[in-house]
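Data block below; observations after.
Below, the structure written as structure tokens:
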């Protein structure tokens, strides 16, 4: 079931969110795994607002644009360099489903060093 959990906030103490911890952990893990597989590096940040929280995972990839990644959110789609990695191509589909279960969304943006995956959740 859902329960309240705390995520550390930058200098402001804990940030409380109501979430399904196993599902949310899997979603964040999938974003970090993708950043490491396709971008060799993962930097995680947290953005907090009164009614929303966003978990951002930035990679250091080869410049894949946000539209190409959003196309991979469909089930069984994988990146071009995924031929040597395991899995079924469901990682981003799972993250998107978890975001929607938590009243949020998954989106992608260009970052300073690579692509940023933004997992936004409603704070309930």
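In our numbering, the protein residues as written are 7 to 130.
The beta-carbon is built from N, C-alpha and C at its ideal position, and this holds for glycine as well.
Unbroken alpha helix (DSSP H) run spanning residue i, endpoints
i	result
residue 39	27–45
Start and end residues, beta strand (DSSP E) containing residue i
i	result
residue 52	48–54
residue 98	Premise fails: residue 98 lies in the alpha helix (DSSP H), 97–107, not in any beta strand (DSSP E).
residue 57	Segment: none, residue 57 is in no beta strand (DSSP E) and carries neither H nor E.
residue 115	111–116
Cα-Cα separation, residue i to residue j
i	j	result
residue 61	residue 111	11 Å
residue 151	residue 55	Residue 151 is absent from the structure shown; the chain starts at 7 and stops at 130.
residue 104	residue 117	23 Å
residue 123	residue 47	13 Å
Cβ separation of residue i and residue j, assumed to be a contact under 8 Å, to the nearest whole Å
i	j	result
residue 115	residue 128	Actually they are not in contact, since the Cβ atoms of residue 115 and residue 128 sit about 20 Å apart, beyond 8 Å.
According to DSSP, residues forming a beta bridge with residue i
i	result
residue 130	Residue 130 is not bridged to any residue.
residue 66	Residue 66 is not bridged to any residue.
Proximity winner among the options, relative to residue i (alpha-carbon distances)
i	options	result
residue 23	35, 49, 52, 59	59
residue 100	37, 55, 27	37
residue 121	105, 57, 42	42
residue 136	52, 29, 102	A question about residue 136 goes unanswered here, because the residues of the chain that appear run from 7 up to 130.
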